[in-house]
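Structure first, commentary second.
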Amino acid sequence: MRSLEDANVSGKRVLLRLDLDTPLYQGKVIDTFRIKSALPTIHFLLNRRAKVVICGHLGRPNGKVVKELSLKPVIQELSDLLNQRIIFASDLFSESTKTAVEELSDGQILALENLRFDAAEEANSRTFAKKLAHYGEVFVNESFATCHREASSLIAITEFLPSFAGLLLEREVGVLTELLSRPARPFVVIMGGAKIADKLPTISSLANHADKILIGGGIANTFLAATGIDVKKSLVQEDQFGNAANIFKRYKDKIILPTDYIWHEDKILDIGAETVGRFEKEIRGAKTIFWNGPVGYSEDEQFAIGSVKIAQVIADTDATTIIGGGNTIEIIAKHDLIREMSFVSTGGGAALELLAGKQLPAVKVLD
674 MRSLEDANVS
684 GKRVLLRLDL
694 DTPLYQGKVI
704 DTFRIKSALP
714 TIHFLLNRRA
724 KVVICGHLGR
734 PNGKVVKELS
744 LKPVIQELSD
754 LLNQRIIFAS
764 DLFSESTKTA
774 VEELSDGQIL
784 ALENLRFDAA
794 EEANSRTFAK
804 KLAHYGEVFV
814 NESFATCHRE
824 ASSLIAITEF
834 LPSFAGLLLE
844 REVGVLTELL
854 SRPARPFVVI
864 MGGAKIADKL
874 PTISSLANHA
884 DKILIGGGIA
894 NTFLAATGID
904 VKKSLVQEDQ
914 FGNAANIFKR
924 YKDKIILPTD
934 YIWHEDKILD
944 IGAETVGRFE
954 KEIRGAKTIF
964 WNGPVGYSED
974 EQFAIGSVKI
984 AQVIADTDAT
994 TIIGGGNTIE
1004 IIAKHDLIRE
1014 MSFVSTGGGA
1024 ALELLAGKQL
1034 PAVKVLD
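What the sequence shown shows, in our numbering, is residues 674 to 1040, in sequence order.
The following block contains the structure:
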């Protein structure tokens, strides 16, 4: 993978792809984690007097201009964090935008509007990418969270500009790859959340490397039901019963499922105290920990107790701790535990696919 540290960016226009898909409330950014994660790369470029042209997306406007999905408030937040003015171009390819890019001075920043306002972005259009490439002399991908996608600003763009991995993207890939190659042992995985179809390949892959896999959240319901436990009205994915049963049978010496639960209206919404205790024992004995997905319905505080306890136990260990997934990060951020973790990944789906042994398209093109 070509590293930004090997790129000649001094005085050059650098097209910087960021992960700007951050939650807004009433037009204000409410979670700055992903924006802050990009700051080291931005500072790296500014310190070398690069002219920085930022691009990215927000939400799913489906190729249409949606005022509520403008990147303007996100860019304003970034400007505040950098304590530096950022020129905002509200039209992607207007003459005024082209002129503004051409007139950038060394160390200045310009940000483009939401790339997904044009349907060509998600179509991985070479034509769109070629137009975008006119804004840069070098391309830097600092959007690990979207590296499992095929988009013009991730894939096709690399045909037209010398392309490099951002500092964080390079570290993300390195940290997660090392989990599969040489983790300090015991290596314990905690997997939760609701999207079992997305996580089964990762569980299957990690089971070949981990010593224990602790499963909670909605995905545990499917495992429990697939192994004959009555989960009543709990959220399950019946089409995944066969896959879940096969994985559990193959790795039953490694997989630990909940043995008691917090019920509400005949639905399992959190793990019980006994399960928390069993999970805690495994976590405290670990040397490496990877956690992705809450072990309960964490959107409701009364069913987030298990997840919060798990977060606190992980933070209290001396193990190498790697955290991934938006809801998981929300939990540790809410309880001021981010700094207690060794590494917090910005990538949800991208991290899961990498850990499932898949190649990420937007990383492959940087080789």
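C-beta: ideal position from N, C-alpha, C; glycine also.
Next item on the list: Just mark serine 825 as buried or exposed, buried being the case when its beta carbon has 16 or more other beta carbons within 10 Å.
Entry: Answer is buried; the Cβ neighbour count reaches 16.
Item checked: Under 9 Å between C-beta atoms of isoleucine 1002 and isoleucine 996 -> Cβ atoms of isoleucine 1002 and isoleucine 996: closer than 9 Å.
Check: Should the segment 1010-1018 be regarded as contacting the segment 855-867, the criterion being three or more beta carbon pairs within less than 8 Å?
Finding: No: the two stretches stay apart, fewer than three of their Cβ pairs being nearer than 8 Å.
Checklist line | Unbroken beta strand (DSSP E) run spanning leucine 731, endpoints | finding: For leucine 731, there is no enclosing beta strand (DSSP E), as DSSP marks it with neither H nor E.
Next item on the list: Using the DSSP secondary-structure output, state which residues sit across from arginine 1051 in a beta bridge.
Entry: What is shown of the chain runs 674 to 1040, which leaves residue 1051 out entirely.
Note to self: Assuming serine 877 and isoleucine 920 are in contact, meaning their beta carbons sit under 8 Å apart, how far apart are those beta carbons, in whole angstroms?
What the structure shows: Sure, about 5 Å apart at Cβ, within 8 Å.
Next item on the list: Pull up the CB-CB distance for aspartate 779 and leucine 1025, whole angstroms please, since I reckon it's below 8 Å.
Entry: In this structure aspartate 779 is not in contact with leucine 1025, their Cβ atoms being roughly 40 Å apart against a cut-off of 8 Å.
Notebook entry, point to check: From Leu688, Pro967, Val682, Ala1029, pick the residue whose C-alpha is nearest to that of leucine 1052; which is it?
Noted result: There is simply no residue 1052 to check, as the chain begins at 674 and stops at 1040 in what is shown.
Item checked: Contact set for alanine 917: own chain, Cβ-Cβ below 6 Å, skip 5 residues either direction -> Excluding positions up to five away in sequence, the list reads Thr895, Phe896, Ala899.
Margin query: Can you list, in chain order, the residues of its chain with a C-beta nearer than 7 Å to that of proline 874? Leave out the 5 residues immediately preceding and following it.
Written below: Excluding sequence neighbours, proline 874 sits near Ala1029.
Check: Are the Cβ atoms of asparagine 814 and leucine 1027 separated by less than 9 Å?
Finding: For asparagine 814 and leucine 1027, no; Cβs fall outside 9 Å.
Note to self: Which runs of the beta strand (DSSP E) at least 3 residues long sit entirely within the segment 929-1001? Give them in chain order.
What the structure shows: As summarised for the segment 929-1001, the continuous beta strand (DSSP E) elements at least 3 residues long and confined to that stretch are 934-937, 940-944, 961-965, 993-997, given in chain order.
Notebook entry, point to check: Between the Cα of tryptophan 964 and the Cα atoms of Ala792, Glu795, Arg822, Ile1004, which residue gives the shortest distance?
Noted result: Nearest C-alpha to tryptophan 964: Ile1004.
Note to self: Please give me, in chain order, every unbroken run of the alpha helix (DSSP H) with length at least 4 that falls completely inside the segment 827-895.
What the structure shows: Qualifying alpha helix (DSSP H) stretches, in chain order: 840-854, 869-879.
Note to self: Counting C-beta neighbours from all protein chains within 10 Å, is the total for glutamate 938 16 or more, i.e. buried, or is it exposed?
What the structure shows: Its Cβ having fewer than 16 others within 10 Å, glutamate 938 is exposed.
Notebook entry, point to check: Can you tell me the Cα-Cα spacing of threonine 772 and threonine 705, whole angstroms?
Noted result: Distance from the CA of threonine 772 to the CA of threonine 705, rounded to the nearest whole angstrom, comes to 30 Å.
Item checked: glutamate 929 burial status per 10 Å Cβ neighbour count (16 or more: buried) -> The sequence as given places isoleucine at residue 929; glutamate does not occur at that position. Classification of isoleucine 929: buried, given that the 10 Å Cβ count is 16 or more.
Item checked: Backbone secondary structure at lysine 740 - three-state DSSP -> Here DSSP, grouped into helix, strand and coil, assigns lysine 740 to helix.
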